[in-house]
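Student: Below is the structure I would like to discuss, written out as structure tokens.
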């Protein structure tokens with residue numbers, strides 16, 4: 528079955544960087560787009576970014592554009608989110624999600640999430 | 082402020098039916114498929130409806146989706162206490178080239 532496991536979360540100071548990973552199994556990773564979605568404590572869902580199956584197409588939310596970079600390693604079935612210039616309002620649980628095809632059909636399976644806390 | 086508009090909360094008695102609305106625009110719901118996600122307390126969201134009205138395998142037919150113009154609706158019949166959760170609609174926005182969500186609707190089964 529489809530399995531997505533995020534890691535790399537933790538407490539980080541404002542202005543610093545952090546890299547999240549999402550390890551996938553149970554499906555042909557290189558055939559699917561992948562998304563990051565976040566949820567601040569007690570708040571709703573906020574989409575962060577998407578990367579196409581081959582890594583050639585990437586889209587970002589305005590709130591993270593220029594600070595976050597989505598990437599993938601199809602040889603290792605792993606998705607990444609490189610986050611820099613972190614701000615307190617980036618504090619959230621970050622989920623990775625498997626995309627439906629094409630990208631504009633959103634996503635089906637989600638991971639369990641990893642918590643990022645930006646605080647001094 | 083979410084791009085898609087949902088009521089903050091709805092409630093109904095066990096066994097009854099409830100609907101949750103999701104309003105958008107021609108940039109999103111009007112021209113793209115809608116998904117609905119259920120988030121039980123303390124868990125990750127789960128796909129309930131995709132392509133406006135399709136249920137993934139394992140989702141009971143008590144859950145249904147529909148779309149008309151720039152609005153979508155999630156329907157839940159035969160309400161159970163286990164349906165108490167937050168429900169989110171989502172769609173692609175072709176003007177922003179992003180995914181947009183509703184603010185979420187908290188369902189209470191009285």
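Protein chains in written order, with our numbering: chain C, 528 to 647; chain X, 82 to 191.
Cβ coordinates follow ideal geometry from the N, Cα and C atoms, glycine included.
Everything numeric in this text was worked out from a predicted model, so none of it was measured.
Closer than 8 angstroms between beta carbons: that is the criterion. Which residues of the segment 629-641 of chain C meet it against chain X?
Tutor: For the segment 629-641 of chain C, which is checked against every Cβ of chain X, the residues closer than 8 angstroms are 630, 631, 632, 633, 634, 635, 636, 637, 638, 639 and 640.
Student: Output, in sequence order along the chain, the residues in the segment 565-577 of chain C whose CB is closer than 8 angstroms to any CB in chain X.
Tutor: So the close ones are 571, 572, 573, 574 and 577.
Student: Once DSSP output is grouped into helix, strand and coil, what is the label at residue 630 of chain C?
Tutor: Taking the first chain and counting its residues from 1, one reaches residue 630 of chain C at position 103. Reduced to three states, the DSSP call for residue 630 of chain C is helix.
Student: Against chain C, with Cβ distances strictly below 8 angstroms, would residue 188 of chain X count as a contact?
Tutor: Along the second chain, one-based indexing puts residue 188 of chain X at 107. So, not an interface residue.
Student: Using a beta-carbon distance below 8 angstroms, is residue 84 of chain X in contact with chain C?
Tutor: The sequence position of residue 84 of chain X within the second chain is 3, counting from 1. With 8 angstroms as the cut-off, residue 84 of chain X does not count as an interface residue toward chain C.
Student: Taking Cβ-Cβ distances shorter than 8 angstroms, what residues in chain X pair up with residue 588 of chain C?
Tutor: Reading the first chain from its first residue, position 61 is the one you call residue 588 of chain C. 179, listed in chain order.
Student: Is there a C-beta anywhere in chain X that falls below 8 angstroms from the one on residue 622 of chain C?
Tutor: By 1-based counting over the first chain, the position of residue 622 of chain C is 95. Chain X contact via Cβ: present.
Student: Determine whether the Cβ of residue 116 of chain X lies closer than 8 angstroms to any Cβ atom of chain C.
Tutor: As a working note, residue 116 of chain X is residue 35 in the second chain. It does: the Cβ of residue 116 of chain X has a partner Cβ on chain C nearer than 8 angstroms.
Student: Which same chain residues end up closer than 6 angstroms to residue 137 of chain X when comparing Cβ atoms and leaving out the 5 residues on each side of it in sequence?
Tutor: Locating residue 137 of chain X in the second chain gives position 56, counting from the first residue. 128.
Student: Taking residue 182 of chain X and residue 574 of chain C to be in contact with their CB atoms under 8 angstroms, please state how far apart those CB atoms are, rounded to whole angstroms.
Tutor: Working through the second chain from its first residue, we reach residue 182 of chain X at position 101. Working through the first chain from its first residue, we reach residue 574 of chain C at position 47. Right, the Cβ-Cβ distance comes to about 7 angstroms (below 8 angstroms), so this counts as a contact.
Student: Any idea what DSSP makes of residue 132 of chain X, helix, strand or coil?
Tutor: Sequence index remark: in the second chain, residue 132 of chain X carries index 51 (1-based). Here residue 132 of chain X sits in coil by DSSP.
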